[in-house]
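Under our numbering, think of the first position of the sequence shown as 29, with each following residue one higher.
Here the structure comes first, spelled out in structure tokens, and everything after it is commentary.
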Amino acid sequence: MARDYKKELEAATAAIVDTAHPKKIVVAGAGAGKTFAFGKLLDKLPTSPIERRLVITFLGGLKRDLEKDLGEKARVQTFHGYCFTLLKQSANIRTATGFTAEVRYVPRLGQLVRSDWVASKGVAAPAFLPSLRGLVKDAEADFFLARGLYYDAIGYDDSTVHIHRALDADHTLVPTHDLVIVDEVQDLNQAEISIIDLLSSGSDIVVAGDDDQALYGRLRDASEEHIRTIYGRADYLKRNLPFCMRCPSVVVNATNDIIAEAHNRGLLGNRIQKPYDPYPRPVDAQYPTIKVVQVTVQTPASNLFGKYILDTISRIPAEEITESREKGFPTVLIIGTKPYAGQVKTLLEASGYAVETKAAPEERMEDPFTREDALEVLSHDEHSNLGWRILLEADHPAGWEGWVAEAISTDTALYTLVEGSFRNAILAELKTWEPEEVEDPATIEELPIDRPTIRITSFEGAKGMSAQHVFVLGLEDGKFPARRNAINSLDVRRMIVALTRTRKQCYLLMARMGFTNGRRRLIRPSIFVEWIQATRRDVISINAASFRLVKRDET
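Right, here's the structure in full:
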């Protein structure tokens, strides 16, 4: 008897939506239809203000995607955005934390705190974030939190700690919602997980994720063990979504090849066993294999990766470009690291394509503060500790470290400590200062509708994204993974995430020759390519002559 995929999918969704259990965990692979299920859950709620329904995740990009689909049904926020909202809206929580109604959200607050530590202690700043993210109460975490209070500002990681400490100390402050939906639980840290536990005490909650896609352990002290622990708890109802609705069947099957071989090698640890099957669609016949592209050599001069991608982009069907533009996802996603990603980007831009580079959030937090940043804060309050501190960080006037050190030791307002002539000059400048008018940079979405959109990103930056055509660069021994005989579970999960971004065609690119001390050497393909069954791979060999032939054929 033929398998009834539609009936199975409907039953799996109904098992999530039609159960009144107050705590549910949904474990589902990439493209399995979580957002659709979230929408159905929200539709079942009694009529209530949108603020009573909360959807929360950890990445701004994921938040934007969820908001596009669910924004009319719920308030969609990141964790730090939710924490900031609580501070702004609740006088009781502000009293408990020590912030004022004018508290500011400053994502780069950590830059100031690290600089404060150096100015006051004369030694290199510690790694504050692991303590904050792990809810460790130590001198480093206390210093960071105290500096935020002094500046009346919160950033990413300290925001969750401030809120957790307040709610944990007084449970009457814990907000209640008709439903809380938490997505991508596998990439949350201890502070965020602890806030979920507090929220679940007074609200129905649905947490969702996939431990096979956990990438942020190193970047943000997350742990896939959190979702595994929740999945094992008796108070949570366990549910799965069994099908991938995004990828061609060959990509889903290749992903399962990777998972099976990793399991055979003792990797992925206490992985949650879950169904992850392809959902048959017409795309399967159009894109039946994964393209394994082997170039002779990849250098800035040869740039065979770039030439192959450039040629492939020129052949993408118009209807696929239109679909990606209308639905708001990239036509092309290129996943890779230095130097390959930069080499490809250079060629694409030189050929007239707009290319957007997307980094993981932690990779974007080190832009330096500017004088404009400071003056904007001071224009609202010329006594602001935050404004004067940003100004000192931007300008570094003579003696600034001493002023900061004294502010820390005496808890005195910076306005009164900065040297008089410097302070007076700034106050005079504020009288005529006006914000710079900066045009927003054009985004790839603003291109003509018939032009493909192209993004280049890292493995971590690819989280939450998908594209018609996905190119993964550097599938070579010694590059990815770094060591064939010492593969770790994170490398496996990176490979899983890269594959499952694909809506149409996936391409795995590798060089066959490299250079060591000026001498050529052969490079083996990544062991991950070998893990994919040969029948799912279409191997393409590319050399410089390949593109000369293409040019002659087209003329």
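Quick reminder that beta carbons are idealized off the backbone N, C-alpha and C, glycines included.
Check	Outcome
What is the rounded straight-line gap between the Cα of Ile-484 and the Cα of Cys-534?	15 angstroms
Mind checking Ser-76: buried by the 16 CB within 10 Å criterion, or exposed?	exposed
Exposed or buried, which one is Leu-137 when buried takes at least 16 other CB atoms within 10 Å?	buried
Excluding sequence positions up to five away, which residues of its chain have a Cβ less than 6 angstroms from the Cβ of Ile-224?	Val-210
Excluding five sequence neighbours on each side, which residues of the same chain lie with their C-beta closer than 7 angstroms to the C-beta of Asp-581?	Its pLDDT being 46, under 50, Asp-581 is placed unreliably by the model, and nothing is read from it.
Since Gln-105 contacts Ile-84 with CB under 8 angstroms, what's their CB separation in whole angstroms?	6 angstroms
If the criterion is Cβ atoms closer than 8 angstroms, does the pair Ile-363 and Leu-243 meet it?	no
How many whole angstroms separate the CB atoms of Ile-344 and Asp-566, which I take to be in contact at a CB cut-off of 8 angstroms?	17 angstroms between Cβ atoms; not a contact.
In chain order, what residues of the same chain have a beta carbon less than 6 angstroms from the beta carbon of Lys-579, not counting five sequence neighbours either side?	With a pLDDT of 49 at Lys-579, under the threshold of 50, the modelled position of this residue cannot be trusted; read the value that follows with caution. Cβ within range, chain order: n/a, list empty.
Output yes or no for whether 8 angstroms exceeds the beta carbon distance between Gln-241 and Ala-490.	no
Measure the C-alpha to C-alpha separation of Val-557 and Leu-361 and round it to an integer number of angstroms.	19 angstroms
With a floor of 3 residues, list each beta strand (DSSP E) that falls wholly inside the region 117 to 149, ordered by position along the chain.	none
Would you report the Cα separation of Arg-246 and Arg-512, rounded to the nearest angstrom?	21 angstroms
Within 8 angstroms (strictly less), CB to CB, does Ala-236 reach chain D?	Reference to chain D is not applicable here, since this structure consists of a single protein chain.
Tell me the DSSP secondary structure of Asp-305 in three-state form.	strand
Could you check whether the region 522 to 541 touches the region 112 to 131, counting it as contact only if at least three pairs of C-beta atoms, one from each stretch, sit closer than 8 angstroms?	no
Can you list, in chain order, the residues of its chain with a C-beta nearer than 6 angstroms to that of Ala-65? Leave out the 5 residues immediately preceding and following it.	Thr-41, Ile-44
Which runs of the alpha helix (DSSP H) spanning at least 4 residues fall entirely within the region 179 to 237, listed in chain order?	185 to 197, 218 to 227
Just how far apart, CA to CA, sit Lys-51 and Tyr-264?	5 angstroms
Which two residues bound the contiguous alpha helix (DSSP H) that contains Leu-419?	413 to 423
Tell whether a beta-carbon distance below 8 angstroms holds between Ala-181 and Val-141.	no
Examine the Cβ distances between the region 426 to 438 and the region 398 to 411 and report whether three or more of them are shorter than 8 angstroms.	no
Counting pairs of beta carbons, one from the region 263 to 280 and one from the region 300 to 320, are three or more of them closer than 8 angstroms?	yes
Please name the residue in Ala-250, Phe-156, Leu-207 whose C-alpha comes closest to that of Phe-86.	Ala-250
Tell me whether Arg-274 sits in a helix, a strand or coil according to DSSP, three-state version.	coil
According to DSSP, which residues form a beta bridge with His-497?	Val-360, Gln-533
Take Asn-571 as the anchor and find which of His-291, Gln-322, Leu-375 has the nearest alpha-carbon.	Gln-322
Does DSSP put Lys-35 in a helix, a strand or coil?	helix
For the alpha helix (DSSP H) containing Ile-524, list its first residue and its last residue.	517 to 527
Among residues of its own chain, excluding the 5 on either side of Glu-95, which ones have a beta-carbon nearer than 7 angstroms to its beta-carbon?	Val-104
Near Asp-185, what residues of its chain come up, given a Cβ to Cβ distance below 6 angstroms and the 5 sequence neighbours on each side ignored?	Leu-157, Leu-160, Arg-161
Roughly how many angstroms lie between the CA atoms of Ser-379 and Pro-328, to the nearest whole one?	15 angstroms
By Cβ distance, which residues of its chain are closer than 8 angstroms to Met-493, with the 5 residues on each side in sequence left out?	Gly-89, Phe-357, Pro-358, Leu-361, Lys-386, Arg-483, Thr-485, Arg-529
Which residues in the same chain have their Cβ closer than 8 angstroms to the Cβ of Leu-69, if we skip the five residues on either side of it in sequence?	Ile-44, Val-45, Leu-207, Ile-209, Val-234
What residues match up with Thr-85 in a beta bridge as DSSP calls it?	Thr-106
Leaving aside the five residues before and after Thr-583 along the sequence, list all residues of the same chain whose C-beta is less than 8 angstroms from its C-beta, in chain order.	Residue confidence for Thr-583 is low, a pLDDT of 38 falling below 50, so the modelled location carries little weight; the figure read from the coordinates is stated next. None.
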